[in-house]
Amino acid sequence: VKSAVAVVGAGPAGLTLANLTLQSGIPCVVLERSSRREVETRPRAGVLEHRSVELLERHGLADRLLAQADRHGTCEFRVNGQAFQVDYADLYGGRTHYVYPQQEVVTDLIAAFIEGGGDIRFSVDDVTLHDLTSESPRVAWTSADGVRDEISCDFVAGCDGFHSVSRRSIPSGYLQELVHHHGIGWLSILAEAPPSTKAIIYSLHPDGFAGHMLRSSTVSRYYLQVDPSESVDNWPDDRVWMELQKRLSLADGSWRLTTGKITEKRILDMRSHVVEPMSYGRLYLLGDAAHIITPVGAKGMNLAMNDAAVLSSALTEYYKAGDETGLKTYSDDCLRRVWRAQEFSQWMVGMIHTSLDTPFQARLAQARLEHLASSKAYAASFAENYVGP
Ligand code: FAD
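Per full-length UniProt numbering, residue 9 is the first one in the sequence shown, and the count goes up by one each step.
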């Protein structure tokens, strides 16, 4: 096989890139380890920034999203049972979030790519990358029916998530890895339960943070702050619902959580991880393969799509005009946005977790929230970062 671009991984990064490059007339092959069904049913993120939606819309990839997604411009903070809301859309020119589950984004992008004549191989195994610093790198894989195959290409896009085989193909010592562990765990829960709120809730409670996120009219996601070494086995369903009700409740007792069937429960270790630069020879890293951010602020999927937009523009300039400028600045262009998101996420982690290491930090969190509740200028800055600059 010969193609211009080999894309490893069919998540939001890989599929956005594949669609954009295909639309620019640049041939690419997508190699995905999981089956089509698996990637189309894997629930993860669910919040899209307005810029991500604009990107998809510009390329005719947002029809179902725009018809079905809920737009959100308000979030709620609860502190010791008292609630206040931030109308971030009002504070930031009417820009909103779009709540649309990641697996639906992925489903739409796969359909559009195949409809446009794109070449995507599911259920491939043992992907290996070769000659990345040469003019024609190669990517090899074993197909679903056990046949070893290989593609020779101009560029490789490593979009294969945090455990990226692409990133691990770069000689050790070349990348600088910047890592931060927040020392916090989140028990992440997905349930077939209608939302008990109209706006996302971030609640500070003496026993730790609790969050109520929105996914659809029938499914909700919740988070409970736990020790990162905690085991899911210690959290039977009854305990999860009791703890959520307790940590999310209002002082006047008026708020009730609607429960449902829990379909996913796992512990997330809140950490941040960025590699620099985001490229090596003719390999470009995108999305979680290059950077992990905490779920606080809902940036991960959006950063993945932004990387895809930056790389597709650079590839288009290269193929249309022989201009390599965008490819050379790819890493710096993406990292500026990545670090801005990391800074915001870190700031927000510090604001919504009460039982951090010291009471000093708990007081800082409280001061930030009071500032957010009382200052329009502070809230406007939050709004800009939250909905996406
Ligand atoms: P991925 O989505 O991980 O896709 C990588 C793809 O590569 C996968 O399909 C994988 O099967 C494939 N792959 C892996 N290895 C190989 C290989 N060797 N060969 C071939 N294919 C391979 N982000 C937000 O913006 N908002 C949120 O609200 C949000 N909530 C989240 C909640 C949870 C519980 C989690 C876990 C994440 C959340 N995120 C959120 C983060 C978001 O899901 C990720 O940032 C996003 O999926 C990154 O997209 P990606 O394409 O880079 O990687």
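For glycine and all other residues, C-beta sits at the position ideal for the given N, C-alpha and C.
Self-check item: Helix, strand or coil at CYS342 [DSSP, three-state]
Solution: helix
Practice problem: Determine the burial state of ALA26: buried for a count of at least 16 other Cβ atoms within 10 Å of its Cβ, exposed for fewer. | Solution: buried
Self-check item: Reduced DSSP category for TRP194 - H, G, I as helix; E, B as strand; rest coil
Solution: strand
Quiz prompt | For SER389, three-class secondary structure by DSSP | solution = helix
Quiz prompt | Helix, strand or coil at TYR100 according to DSSP, with G and I counted as helix | solution = coil
Quiz item: Can MET278 be considered in contact with ligand 1, in the sense that its beta carbon sits closer than 8 angstroms to one or more heavy atoms?
Solution: no
Self-check item: Spatial distance of LEU232 from LEU140 (CA atoms)
Solution: 43 angstroms
Quiz item: Who are the Cβ neighbours of ARG44 in its own chain at under 7 angstroms, not counting the five residues just before and after it?
Solution: ILE118, PHE130
Quiz item: For LEU265 versus HIS213, is the C-beta distance shorter than 9 angstroms?
Solution: no
Practice problem: Over the uninterrupted alpha helix (DSSP H) stretch that includes LEU23, give me the two end residues. | Solution: 20-31
Quiz item: Beta carbon of LYS307: closer than 8 angstroms to some heavy atom of ligand 1?
Solution: yes
Quiz item: In this structure, does DSSP put VAL318 in helix, strand or coil?
Solution: helix
Quiz item: So is ARG344 buried or exposed if we call it buried at 16+ other beta carbons inside 10 Å?
Solution: exposed
Quiz item: Excluding five sequence neighbours on each side, which residues of the same chain lie with their C-beta closer than 7 angstroms to the C-beta of LEU63?
Solution: MET313, ALA317
Quiz item: Is ALA201 near GLY89, with beta carbons less than 9 angstroms apart?
Solution: no
Quiz item: Exposed or buried, what is ILE209 when buried is set at 16 or more other beta-carbons lying within 10 Å of its beta-carbon?
Solution: buried
Quiz prompt | Uninterrupted beta strand (DSSP E) stretches inside the segment 162-244 (no shorter than 3 residues) | solution = 163-166, 184-200, 208-212, 218-222, 228-234
Quiz item: Counting Cβ pairs closer than 8 angstroms, one from the segment 159-169 and one from the segment 237-249, do we hit at least three?
Solution: no
Self-check item: Supposed close pair PRO145, LEU291 - CB separation, criterion 8 angstroms
Solution: 7 angstroms
Quiz item: Tell me the DSSP bridge mates of ARG146?
Solution: HIS138, SER160
Practice problem: Starting from ARG129, follow its DSSP beta bridges and name the residues at the other end. | Solution: LEU39
Quiz item: What is the DSSP secondary structure of LYS10, reduced to helix, strand or coil?
Solution: strand
Quiz prompt | Own chain residues within Cβ distance below 7 angstroms of VAL61, not counting five before or after | solution = ALA70, LEU73, TYR106
Quiz item: Heavy atom of ligand 1 less than 8 angstroms from the Cβ of residue 1, yes or no?
Solution: Given a span of 9 to 397 for the chain in the structure shown, any question on residue 1 remains unanswerable.
Quiz item: Does the beta-carbon distance from LEU276 to TRP194 come in below 9 angstroms?
Solution: yes
Exercise. Determine the extent of the alpha helix (DSSP H) in which ALA152 is found, giving its start and end residues.
Key: Taken as a continuous stretch (DSSP letters only), ALA152 belongs to no alpha helix (DSSP H), as it is neither H nor E.
Quiz item: Does DSSP put MET309 in a helix, in a strand, or in coil?
Solution: helix
Quiz item: Should the segment 16-23 be called in touch with the segment 37-51, which here means at least 3 C-beta pairs below 8 angstroms?
Solution: yes
Exercise. Can you grab the Cα-Cα spacing for the pair ARG255 / GLU332, in whole Å?
Key: 53 angstroms
Quiz item: How far does the alpha helix (DSSP H) with GLU46 in it reach, from first residue to last?
Solution: 44-48
Quiz item: Roughly how many angstroms separate the alpha carbons of GLY396 and THR362, rounded to a whole number?
Solution: 25 angstroms
Quiz item: Is HIS171 near ligand 1, going by C-beta to nearest heavy atom under 8 angstroms?
Solution: yes
Practice problem: Find the nearest neighbour of ILE122 within the set SER280, GLN31, ASP215, LEU293, judged by alpha-carbon distance. | Solution: GLN31
Exercise. For the alpha helix (DSSP H) holding GLN378, just list the boundary residues, first then last.
Key: Going by the sequence as given, residue 378 is Glu instead of Gln. It spans 367-382 - the alpha helix (DSSP H) in which GLU378 sits, taken as one unbroken run.
Quiz item: Cβ atoms of PRO236 and ILE192: under 9 angstroms apart, would you say?
Solution: yes
Self-check item: Opening and closing residue of the alpha helix (DSSP H) in which ILE122 lies
Solution: 110-123
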